[in-house]
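Let me begin by presenting the structure, written as structure tokens, before commenting on it.
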Amino acid sequence: MAILNRYGGRGDTVLLCALLGMLWDIGRGQIHYSVPEESDKGTFVGNISKDLVLESQDLTKYGVRIITRGRTQLLALNPRSGSLVTAGRIDREELCAQSLRCLVNFNVLVEDRVQLYGVEIEVTDVNDNAPKFQVEHLEMKINEIAAPGTRYSLPEAVDPDVGVNSLQSYQLSPNHHFSLDVQTRDDGTLNPELVLQRALDREEEAAHHLVLIASDGGEPRRSSTLHIQVTVLDTNDNAPVFAQPIYRVEVPESVPPGTRLLTVKASDPDEGTNGEVAYKFWKVSEKQSRLFQLNEHTGEISTEKSLDYEECAFYEMEIQAEDVGALLGKTKVIVSVEDVNDNRPEVTVTSLFSPVLENTLPGTVIAFLNVHDQDSGKNGQVVCYISDNLPFQLERSVDNYYKLQTRTYLDREKISVYNITVMASDLGTPPLSTEAYITLHVADTNDNPPTFTQASYSSYILENNPRGASIFSVTAHDPDSDRNAQVTYSLTENTIMGAPLSSYVSINSDTGVLYALNSFDYEQLRELQLWVTANDNGDPPLSSNASVTLFVRDQNDNAPEILYPTIPMDDSTGVELAPRSAEPGYLVTKVVAVDKDSGQNAWLSYRLLKASEPGLFTIGLHTGEVRTARALLDRDALKQNLVVGVQDHGHPPLSATVTLTVAVANSIPDVLADLGSIIAPANQEDSDLTLYLVVAVAVVSCVFLAFVIILLALRLLRCRKSSLLQASDVGFVGLPASNFLGVEGVQAFLQTYSHEVSLTADSGKSHLIFPQPNYADTLISHESCEKNDPLLASIDFHECKDESSSVQVSYILC
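Just so we're aligned, residue 19 is where the sequence shown starts under our numbering, counting upward by one.
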């Protein structure tokens with residue numbers, strides 16, 4: 019992206035294409051550097067940023083790093099200069115032994131480009147090792163009869179350096195009997211031999227001390243010495259001879275220590291002790307001497323430690339046979355180590371890009387893997403694979419690198435963490451395998467809206483609830499994580515009965531709890547419909563809706579309302595007509611009441627609480643119809659007072675009462691006659707009426723107090739009971755539920771069942787208006803009531819001691 023921003027225009031496009039092509043060539047080839055061994059830490063090797071066409075400050079930006087395999091990292095990147103420098107001491111002999119060229123290969127990973135670059139470092143030799151003899155002192159035994167010109171092999175010095183820095187020459191200290199002859203073998207190695215120049219005389223000189231100097235050609239020149247002591251022996255004219263000039267053996271690397279490899283055999287034709295042969299290693303490295311064991315008496319060669327093909331596949335050594343006369347025989351032993359499949363493949367995760375977004379495109383690289391097997395041939399060929407049921411795939415990259423990339427889209431809500439097992443198996447017999455484990459975290463994207471547990475909810479709340487009360491709770495779940503799963507709740511604004519929804523309810527944006535802002539009234543609002551929206555905090559945010567229906571439940575907070583008979587507004591009393599000829603069950607009137615509540619709170623029951631003449635009238639428990647319980651008698655008073663109670667079935671029950679006045683007469687003239695007989699003249703003075711009342715009360719009191727309670731007039735007793743009834747307020751207890759009667763039914767009833775009776779007092783005269791009396795259980799229609807001519811009568815109405823004033827009575831039966 020930085021390169022694209024740096025160039026612009028059509029001309030720059032060509033330059034950019036050329037640059038990308040050059041980068042492609044770099045990725046396909048290798049970058050070569052050289053560095054001398056034993057360089058100090060931080061020694062400059064090469065400018066890697068220049069060769070990768072990157073600025074030095076871009077090394078960290080693009081994630082450039084060195085990837086090595088199975089060894090200590092020898093080189094490092096300097097992020098400030100962009101240079102490749104040594105990370106520590108480099109020993110060429112430790113890395114490459116005596117190979118002519120010492121090459122170290124590694125890869126440079128540019129993570130931002132998801133690309134690998136091969137780098138080859140040649141470690142050049144410096145003369146840091148002197149030639150070294152295996153021993154510092156050598157004892158040689160030479161028979162005194164040895165002829166001049168006899169040659170004796172000397173130990174060779176070993177120099178781990180190469181080229182001119184390796185062993186170049188030998189020198190022998192000056193003496194009169196011996197000289198040094200150096201032979202060059204076909205492989206270029208030097209073989210020093212001691213040549214006898216003059217015959218020896220043990221009696222003259224029994225021992226000779228020589229110094230052999232081995233030197234290399236490096237700068238500075240290095241050398242080492244071997245002190246040789248030559249002991250002159252008596253005559254022994256036959257040297258041991260091996261059966262074979264070269265012994266070869268092939269052995270698998272898995273042989274246990276102590277395994278016999280072969281036996282070398284040398285014979286000496288001399289007799290006696292001169293024919294006894296002793297075997298020992300002559301030319302063998304220090305490492306080989308630790309791996310192999312030679313029996314000096316039998317010549318049997320066996321392994322002393324385990325062999326490792328990956329460490330060394332070929333061993334060459336010389337065996338010397340010596341008799342007691344110091345005559346020598348030599349042979350060469352070559353041990354070839356065969357590889358067995360004893361190393362499991364190694365899988366190294368060199369780079370892992372975790373976490374990865376769940377909407378990552380298929381084919382995106384999420385990890386680099388390096389696979390290596392130390393075995394050779396088919397034993398070192400590795401096949402790498404993963405399980406097929408994962409949304410990932412392995413693709414081979416350069417060298418032994420694999421790319422782990424996505425095969426399909428990921429879904430964090432289904433699987434948020436993948437434990438990927440990478441299996442690597444070689445092609446050996448039997449095959450060996452290993453497993454590597456990669457934990458990949460999937461990062462969340464906002465791809466799921468909040469979801470309510472239900473599409474719609476319903477709840478009930480009692481009316482007259484306190485303000486601020488919690489009434490319901492909704493919950494939405496978002497399967498995303500972190501901010502994408504944080505849900506907030508809100509209400510969709512609406513209008514309820516002309517007022518905004520926010521004036522009725524509110525919602526807690528964090529918990530989804532609904533609160534009532536007002537006290538609900540069932541008689542005004544029975545149902546509240548609202549929409550709740552759940553939004554998450556993702557980018558962009560997602561949301562969902564759910565409907566909530568709140569049903570207001572009724573409470574018994576309304577007492578029954580009596581529609582008929584209506585209470586007059588002018589202090590008059592309604593009067594119902596019951597003819598004396600009425601049969602039992604005659605419908606006198608009907609009490610009509612309604613209750614604004616609902617359900618059992620509106621089920622009404624009717625009771626007759628008080629009556630002037632008990633047992634004369636009954637009332638329907640559920641209908642409110644007032645009927646005669648028996649036939650009317652002449653002794654029954656003209657005026658009957660009834661107190662009717664109406665009670666609902668709520669908890670606690672509420673009630674209302676109404677007082678009915680029933681006029682008893684066979685006909686309207688009878689009513690007027692009866693009224694005239696008991697009502698004082700209209701023109702009588704108020705003082706006379708008062709006097710009569712005082713006298714009546716005094717007489718009744720005296721008679722009552724003077725033993726004639728049982729002879730008290732029934733009329734006065736009825737009057738007294740009527741007075742007590744009007745002054746009391748009686749409740750209802752244990753009333754059964756009634757059938758609910760709606761207001762519309764009441765209005766229909768009022769329209770079809772109506773007649774009017776009024777008794778008025780005006781200017782000292784009373785006026786009584788009656789329709790035709792009803793002797794059946796059917797109701798008179800409203801039209802027939804309108805056709806009847808009212809009958810007016812002026813009378814003075816006076817009854818009992820408590821009715822001394824003129825009254826107006828209005829009667830409406832519906």
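Each residue gets a CB set at the ideal place from its N, CA and C atoms; glycine is no exception. Model, not experiment: these values are computed from the prediction.
Query	Result
Reference Glu154; option with closest CA among Ala232, Thr510, Thr207	Ala232
Touching by the beta-carbon criterion (3+ pairs, under 8 Å), the stretch 379-389 and the stretch 359-371	yes
Stretch-stretch touch, CB-based, cutoff 8 Å, three pairs: the stretch 472-481 with the stretch 444-454	no
Per DSSP, cross-strand counterpart(s) of Arg625	Gly663
Backbone secondary structure at Pro111 - three-state DSSP	Here residue 111 is Glu; the residue named in the question, Pro, does not match the sequence. It is helical.
Residues of its chain near Gly603, where Cβ-Cβ distance is below 6 Å and the 5 sequence neighbours each way are ignored	Arg645
Coil, strand or helix - Gln247 by DSSP	strand
Neighbour-count burial assignment, Ala339, 16 or more Cβ in a 10 Å radius	buried
Where the beta strand (DSSP E) containing Thr677 begins and where it ends	673-682
Cβ pair count under 8 Å reaching 3, the stretch 541-561 against the stretch 456-471	yes
Which of helix, strand or coil DSSP assigns to Gln201	strand
Every unbroken beta strand (DSSP E) within the stretch 208-282, with a cutoff of 3 residues, ordered by chain	208-214, 225-234, 241-251, 264-270, 278-281
Which residues DSSP lists as bridging Val144, in chain order	Answer is none; Val144 lacks a bridge partner.
Start-to-end residues for the alpha helix (DSSP H) that takes in Ser521	Segment: none, Ser521 is in no alpha helix (DSSP H) and carries neither H nor E.
Three-pair Cβ contact test at 8 Å for the stretch 124-140 versus the stretch 301-310	no
First and last residue of the uninterrupted alpha helix (DSSP H) at Ser99	Per DSSP, Ser99 belongs to no alpha helix (DSSP H) and is neither H nor E.
Proximal residues to His495 (C-beta, below 6 Å), its chain only, five neighbours per side dropped	Thr469
Test item: CB-CB of Thr18 and Thr321 under 8 Å	Here the chain covers residues 19 to 832 and nothing more, so residue 18 does not appear.
Ser673 classed as buried or exposed, judged by whether at least 16 other C-beta atoms fall within 10 angstroms	buried
Nearest-angstrom beta carbon gap, Thr679 and Glu594 [assumed within contact, 8 Å]	7 Å
Rounded separation between Leu531 and Gly556 - CA only	According to the sequence displayed, residue 531 carries Val and not Leu. Straight-line Cα distance between these residues: approximately 22 Å.
Nearest neighbour of Asp652, chosen from Val610, Gln618, Pro597 [CA to CA]	Pro597
Rounded C-alpha distance that separates Asp288 from Ser241	40 Å
Coil, strand or helix - Val492 by DSSP	coil
Sufficient close CB pairs (3 or more, under 8 Å) joining the stretch 147-165 to the stretch 115-128	no
Identity of the residues DSSP links to Asp444 by a beta bridge	Val400
Per-residue DSSP class, three states only, for Asp554	strand
Per-residue burial, Met158 [other beta carbons within 10 Å of its own, 16 or more giving buried]	buried
Segment limits, beta strand (DSSP E) that includes Lys421	419-424
Unbroken stretches of the alpha helix (DSSP H), 4 residues or longer, contained in the stretch 273-331	304-309
Burial state of Leu422, where buried means 16 or more other Cβ atoms lie within 10 Å	buried
Three-pair Cβ contact test at 8 Å for the stretch 213-233 versus the stretch 184-194	yes
Proximity below 8 Å, CB of Leu438 to CB of Leu408	The sequence given here places Ile at residue 438; Leu does not occur at that position. Taking 8 Å as the Cβ cut-off, Ile438 and Leu408 qualify as a contacting pair.
Nearest candidate by alpha-carbon position, reference Asn483, set Ser537, Thr378, Arg169	Ser537
Per DSSP, the bridge partner or partners of Gly347	Ala339
Residue interval of the beta strand (DSSP E) (run including Thr78)	From DSSP, Thr78 is part of no beta strand (DSSP E) but of the alpha helix (DSSP H) over 76-79.
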